[in-house]
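The structure under discussion appears below in the form of structure tokens.
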Amino acid sequence: MEDANIIELFFQRSEQAISETAAKYGRLCESVAYRIIGIREDAEECVNDTYLNVWNSVPPKRPDNFRAFICRITRNLSLTRVKYYAAKKRTPESLVSFSELEGTFADHTQFSDGGEELGRAMSDFLRTQSADARNVFMRRYWFLESVEDISKRYAFSQSKVKSLLFRTRERLKKYLEKEGIEI
Amino acid sequence: MNEYKLIYGAGFIDGDLVCEAIDYKPKKISLAPWACAAAAVVVVAGAFAVWSRGLGKVPVDSSIPGTSTASGDFPQFSTTSEYPSNSSGNIMHGTAHGNNTSDYHPSSFSGGTSNCDPGYSTSEPSGGEHSASSSSVSTSDISVGSDPGLTDNPAYTDQFEGFAEENPAAYGPPPTCEEIMNNLAPRSDYPEYNVDSFYIVEVISALPNEKYMEMAGWRDGYYDTVYHVRLVEDLISGEKLDRSVCVRLPAGLGACIQTQGDPTYAPGERFAAVLTKPCEGYDFVMTVCDYALRYDLPQQAFTEKDEETMLYFRGRGLARSPIADLPFDAEEINITSTFSTPQNPATYIQKIALGDLVEFLREEWQKRGISSHFEN
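Going line by line, the protein sequences match chains F and W.
Residue numbers 42 to 224, in the working numbering, belong to the letters of the first sequence in order.
Residue numbers -18 to 357, in the working numbering, belong to the letters of the second sequence in order.
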């Protein structure tokens, strides 16, 4: 079923909207959640919560890009779950490689910061990068995949992935400084 | 940069970029049929030329993994006879078996197109053994500060972009002799880490790293720099050598991304390191015990007043420590030296006599069956 038709079902408050969403995007959402949380049961719960969130937000929202919309909800719910674990000093395996995360996830106040400006600037910046650099970056920081997983996905060496990430971060840093955004 | 903020900000990235990342598949490098045909003609012609000179003694074994590539973009040796090999005839980089190392010229690398391509990888160091620096300053006079004789190496243009990320806390306390020897002990489960010997090597060039990694079928995620080097001496046997090999150094990612305090070596620089044996599937020599038994031999080391060759330990920005309990004199120093970029001088924190270290290693290795010389 086309995304527009699924959205239409949500607008009609038809429960078929949920089953169609699950059929089309269930596995994608589950993989997004699982990569972030690293616990299968929690990932499944996040996906179910995702459907509920979509149900509650469509309508009134009518997302332009339904796939990205639903993935974003799953991601946010998964990160919230990670925040919960971090507060209990149980950092999921998937996030151990992010050196600064345990402390910062435990700091709930940082989640209340508006990130729209940063996200917009990152989008503008990423559009200027090579496709490899852009997508490796997205895989790392949006999907929170490990360097190893990215290297397998794209058949790159791990060192190449690290190198791409390093350079993209350096360029992003300069770009954000130029835009007056502190990070 | 705070990675948490990156992750947080990434949540607001536009949806089309998210979808692109979901669907993205990198382009595969492929050669057009006419290019393949042209390449085949060149290879056949080259092989014929080698054969006609009576040098075609090197059979190609294409079964060794990590050596085939369809990309003309990767650094490659132009003919099989130019692969560096060891004395026993095992090729340390590439596919063939042979012993004609004298035919190898670094200019046979095709270079690269990466923006990290240092551009110097195709040039032989000029000016003899130690073209990088020339000074008669005695190291005994420069235990603190910057050694003017070691700085300003003209062999590299400054390709420096930044530092590789390191977590100094991960290194823990200084290693002990016992720990080092345990690390070097032969292991049947990791034959690629078994020690060949303790060598003096002279850098010919740093390879364009990303291309080399692609070609070699890279297998781990550490930061590495791959050098084409000349083995100058097997310090354990005392044998003088003149063999070309590739050496992997776990430090930095080439000239562009370096480890702080441990810059890329310039052509002509020498260092002493424990090298593993080449083995099938891992077709290049790599250093063992990545830093604790790697010492530099700046040219000044050969001008000591007592004519004793001295080794210098790089402290990696003081994040790493030399072996804590060496059973001979070790002088603490603090010298900085510029190699590939003035933005990342090497920091030397210890100086020891080469003879002392070799004697110590020889004894320990003999007792423990370490290295090709003493293994059972």
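Think of the CB as a built atom: it goes at the ideal place given N, C-alpha and C, for glycine as much as any other residue.
Only a predicted model underlies this, so the values are computations on that prediction, with no experimental measurement involved.
Per-residue contacts from C0 of chain W into chain F (C-beta, under 8 angstroms): Sequence index remark: in the second sequence, residue 0 of chain W carries index 19 (1-based). Residues of chain F passing the Cβ test: N106, R108 and A109.
Establish whether the CB of L159 of chain F and some CB of chain W are separated by less than 8 angstroms. For the purposes of this step, residue 159 of chain F is taken as the residue at position 118 of the first sequence. Output row for L159 of chain F: interface = yes.
Any Cβ of chain F within less than 8 angstroms of the Cβ of P7 of chain W? Within the second sequence, numbered from 1, the residue matching residue 7 of chain W stands at position 26. Output row for P7 of chain W: interface = yes.
For R54 of chain F, which of F:L217, F:W96 and F:D83 has the nearest alpha-carbon? In the first sequence, counting from the first residue as 1, residue 54 of chain F sits at position 13. Closest by alpha carbon: F:W96.
Helix, strand or coil, according to DSSP, for R54 of chain F in the structure here? As a position in the first sequence, residue 54 of chain F is number 13, starting the count at 1. Note: R54 of chain F maps to coil in three-state DSSP.
If distances are taken between C-alpha atoms only, which option among W:F144, W:A305, W:L256 and W:T245 comes closest to F179 of chain W? The residue labelled residue 179 of chain W in the question sits at position 198 within the second sequence. Nearest option by C-alpha distance: W:L256.
Limits of the unbroken alpha helix (DSSP H) element including E159 of chain W: Taking the first residue of the second sequence as 1, we reach residue 159 of chain W at position 178. C158 to L165 is the extent of the alpha helix (DSSP H) around E159 of chain W.
Counting C-beta neighbours from all protein chains within 10 Å, is the total for Y125 of chain F 16 or more, i.e. buried, or is it exposed? Locating residue 125 of chain F in the first sequence gives position 84, where the first residue counts as 1. Answer is exposed; the Cβ neighbour count stays below 16.
Tell me, please, whether the CB atom of D173 of chain F is closer than 8 angstroms to any CB atom in chain W? Here residue 173 of chain F is taken as the residue at index 132 of the first sequence, counted from 1. It does: the Cβ of D173 of chain F has a partner Cβ on chain W nearer than 8 angstroms.
Between the region 178 to 192 of chain F and chain W, which residues of the former have CB atoms less than 9 angstroms from a CB of the latter, in chain order? F178, M179, R180, R181, Y182, W183, F184, L185, V188, E189 and S192
Opening and closing residue of the alpha helix (DSSP H) in which Y272 of chain W lies: Working through the second sequence from its first residue, we reach residue 272 of chain W at position 291. Here Y272 of chain W belongs to no alpha helix (DSSP H), and DSSP marks it neither H nor E.
Cβ neighbour criterion (16 or more within 10 Å) applied to K203 of chain F: Taking the first residue of the first sequence as 1, we reach residue 203 of chain F at position 162. K203 of chain F counts as buried, since at least 16 other C-beta atoms from the protein chains shown sit within 10 angstroms of its C-beta.
Taking its Cβ as the centre, do 16 or more other Cβ atoms sit within 10 Å of L93 of chain F, making it buried, or is it exposed? Taking the first sequence and counting its residues from 1, one reaches residue 93 of chain F at position 52. Answer is exposed; the Cβ neighbour count stays below 16.
Per DSSP, which residues does F252 of chain W bridge with? Please list them. Along the second sequence, one-based indexing puts residue 252 of chain W at 271. Answer by DSSP bridge pairing, in chain order: W:V182 and W:D277.
Please confirm whether L(-13) of chain W has its beta-carbon closer than 8 angstroms to some beta-carbon of chain F. Here the question's residue -13 of chain W lines up with position 6 in the second sequence. L(-13) of chain W counts as touching chain F.
So, under 8 angstroms CB-CB, G(-4) of chain W and A109 of chain F are touching, yes? Tell me the CB distance rounded to an integer number of Å. By one-based count along the second sequence, residue -4 of chain W stands at place 15. By one-based count along the first sequence, residue 109 of chain F stands at place 68. Confirmed, about 3 angstroms.
How far does the beta strand (DSSP E) with M291 of chain W in it extend, from its first residue to its last? If you number the second sequence from 1, residue 291 of chain W lands on position 310. Counting along the chain, the beta strand (DSSP E) containing M291 of chain W begins and ends at M291 to R295.
C-beta contact flag for F166 of chain F and L206 of chain F at 8 angstroms: Your numbering for residue 166 of chain F matches position 125 in the first sequence. Your numbering for residue 206 of chain F matches position 165 in the first sequence. Cβ atoms of F166 of chain F and L206 of chain F: not closer than 8 angstroms.
Since P326 of chain W contacts T317 of chain W with CB under 8 angstroms, what's their CB separation in whole angstroms? Residue numbering aside, residue 326 of chain W sits at position 345 when the second sequence is read from its first letter. Residue numbering aside, residue 317 of chain W sits at position 336 when the second sequence is read from its first letter. Indeed, because the Cβ distance is near 4 angstroms, the residues count as touching under 8 angstroms.
Measuring straight from C-alpha to C-alpha, what distance separates N164 of chain W and I181 of chain W? Start at 1 with the first residue of the second sequence, and residue 164 of chain W comes out as number 183. Start at 1 with the first residue of the second sequence, and residue 181 of chain W comes out as number 200. Distance between the alpha carbons of N164 of chain W and I181 of chain W is about 20 angstroms.
In chain W, which residues lie less than 9 angstroms from N117 of chain F when you measure between Cβ atoms? Start at 1 with the first residue of the first sequence, and residue 117 of chain F comes out as number 76. The answer, in chain order, is G(-8).
On the premise that I161 of chain W lies in contact with L274 of chain W, defined as a C-beta separation below 8 angstroms, what is that separation, rounded to the nearest angstrom? Within the second sequence, the letter at position 293 stands for residue 274 of chain W. Within the second sequence, the letter at position 180 stands for residue 161 of chain W. Between I161 of chain W and L274 of chain W the Cβ distance is about 7 angstroms, and since that is below 8 angstroms, they are a contact.
Contact criterion: CB-CB distance below 8 angstroms. Does M163 of chain F meet it with respect to chain W? Taking the first sequence and counting its residues from 1, the one referred to as residue 163 of chain F is at position 122. For M163 of chain F, the answer is yes, since a Cβ of chain W falls inside 8 angstroms of its Cβ.
What does DSSP give as the partner residues of G143 of chain W in its beta bridges? Here residue 143 of chain W refers to the residue found at position 162 of the second sequence. Looking at the DSSP assignment, G143 of chain W forms a beta bridge with W:I238.
Pull up the CB-CB distance for I217 of chain W and L342 of chain W, whole angstroms please, since I reckon it's below 8 angstroms. Your numbering for residue 217 of chain W matches position 236 in the second sequence. Your numbering for residue 342 of chain W matches position 361 in the second sequence. Yes, I217 of chain W and L342 of chain W are in contact; Cβ-Cβ is about 7 angstroms, under 8 angstroms.
If you drop the 5 nearest sequence neighbours on each side, which residues of the same chain put their C-beta closer than 8 angstroms to that of R103 of chain F? Indexing the first sequence from 1 puts residue 103 of chain F at position 62. Closer than 8 angstroms at Cβ, skipping near neighbours: I48 and F52.
If we ignore side chains and look at the alpha-carbon of each, how far apart do F252 of chain W and T245 of chain W end up? Position 271 of the second sequence, counting from 1, holds the residue named residue 252 of chain W. Position 264 of the second sequence, counting from 1, holds the residue named residue 245 of chain W. Cα to Cα, the separation comes out at about 12 angstroms.
Residues in its own chain within less than 7 angstroms of G143 of chain W by CB, not counting five upstream and five downstream? Locating residue 143 of chain W in the second sequence gives position 162, counting from the first residue. Excluding sequence neighbours, G143 of chain W sits near I238.
Taking I351 of chain W and L292 of chain W to be in contact with their CB atoms under 8 angstroms, please state how far apart those CB atoms are, rounded to whole angstroms. The count along the second sequence starts at 1 and reaches residue 351 of chain W at position 370. The count along the second sequence starts at 1 and reaches residue 292 of chain W at position 311. 19 angstroms between Cβ atoms; not a contact.
With DSSP run on the structure shown, which of helix, strand or coil describes K332 of chain W? Along the second sequence, one-based indexing puts residue 332 of chain W at 351. If DSSP states are grouped into helix, strand and coil, K332 of chain W belongs with the strands.
Taking 6 angstroms as the limit between beta carbons, can you name the residues of its chain near P303 of chain W, skipping five residues before and five after? Locating residue 303 of chain W in the second sequence gives position 322, counting from the first residue. So the list reads F294 and Q331, once near-sequence residues are dropped.
Going by C-alpha distance, which of W:T328, W:T322 and W:P156 is nearest E313 of chain W? Here residue 313 of chain W is taken as the residue at index 332 of the second sequence, counted from 1. Nearest C-alpha to E313 of chain W: W:T328.
At the level of alpha carbons, what is the spacing between D4 of chain W and H354 of chain W? Mapped onto the second sequence, residue 4 of chain W falls at position 23. Mapped onto the second sequence, residue 354 of chain W falls at position 373. Rounded to whole angstroms, D4 of chain W to H354 of chain W spans 53 angstroms at the Cα level.
Rounded straight-line distance, which links the Cα of R224 of chain W to that of P231 of chain W: Indexing the second sequence from 1 puts residue 231 of chain W at position 250. Indexing the second sequence from 1 puts residue 224 of chain W at position 243. Between P231 of chain W and R224 of chain W, the C-alpha separation is close to 21 angstroms.
Which residue wins for smallest C-alpha separation from E250 of chain W, given the options W:Q241, W:P259, W:Y272 and W:Y276? Taking the second sequence and counting its residues from 1, the one referred to as residue 250 of chain W is at position 269. Comparing Cα positions, the closest option is W:Y276.
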